[in-house]
Amino acid sequence: MSQIEQLSSINGKPMILHEGYIYTVECTTKTKSIFRCKNRDCKARAARTDELTSPIIHSTLRTYPLSDAGQLPKNEPLILMIQRQRTTETVETDGRLPEKLRKTYRDEGFILHEDKN
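So this is what it looks like as structure tokens:
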């Protein structure tokens, strides 16, 4: 399986490197980012989301032709493929949680107290 590498542009915007192609941010919402291929002749798009794996699989399978559904693998291998491509969040060098993990999806802080040490 090919790897997806996350990069940053000179301006600090996120970019993705996949199979030799670079994708730049086209639009961003609270839960997902849409990337487009940097090459003008390429029409490829990619999406990065915080959505759980199950809704991704179910929304994709709803549009998949029933005649070809028997050739698909079971849900468990599909879930593993999605999870392998996702990066895990890391703690900062001082041991604190990153800002993204200190807030809920509604942008509300849920950590009441965190030591400065």
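Quick note on numbering: full-length UniProt numbering labels position 69 of the sequence shown as 69, and the sequence is numbered without any gaps. Every residue, glycine too, gets a C-beta built ideally from N, C-alpha and C. Remember, it's a predicted structure, so these values are computed and weren't measured experimentally.
Can you give the beta carbon distance from I57 to N75, rounded, assuming they're within the 8 Å contact cut? Position 57 of the sequence shown, counting from 1, holds the residue named residue 57. Position 75 of the sequence shown, counting from 1, holds the residue named residue 75. At roughly 6 Å, the Cβ-Cβ gap stays under 8 Å, so I57 and N75 are in contact.
Among I10, R62, K103, A44, which residue has its Cα nearest to the Cα of Y23? Reading the sequence shown from its first residue, position 23 is the one you call residue 23. Among I10, R62, K103, A44, the Cα nearest to that of Y23 is on A44.
Whose C-beta lies closer than 6 Å to the C-beta of M81 among residues of the same chain, with five residues either side of it excluded? Along the sequence shown, one-based indexing puts residue 81 at 81. Same-chain partners within the cutoff: there are none.
Selection from I16, S9, G12 that minimises the alpha carbon distance to Q3: Start at 1 with the first residue of the sequence shown, and residue 3 comes out as number 3. Looking at I16, S9, G12, the one whose alpha-carbon comes closest to that of Q3 is I16.
Residue burial classification, F110 (beta-carbon count within 10 angstroms, cutoff 16): Reading the sequence shown from its first residue, position 110 is the one you call residue 110. With fewer than 16 Cβ atoms within 10 Å of its Cβ, F110 is classed as exposed.
Relative to the C-alpha of H18, which candidate in V25, A46, S8 has its C-alpha closest? Taking the first residue of the sequence shown as position 1, residue 18 is located at position 18. The residue with the shortest Cα to Cα distance from H18 is A46.
Alpha carbon to alpha carbon, what distance is there between L66 and residue 118? The requested residue 118 is not part of the displayed model; the chain covers only 1 to 117.
Alpha carbon to alpha carbon, how far is R102 from D94? Give it in angstroms, no decimals. For the purposes of this step, residue 94 is taken as the residue at position 94 of the sequence shown. For the purposes of this step, residue 102 is taken as the residue at position 102 of the sequence shown. Straight-line measurement puts the Cα of R102 at about 15 Å from the Cα of D94.
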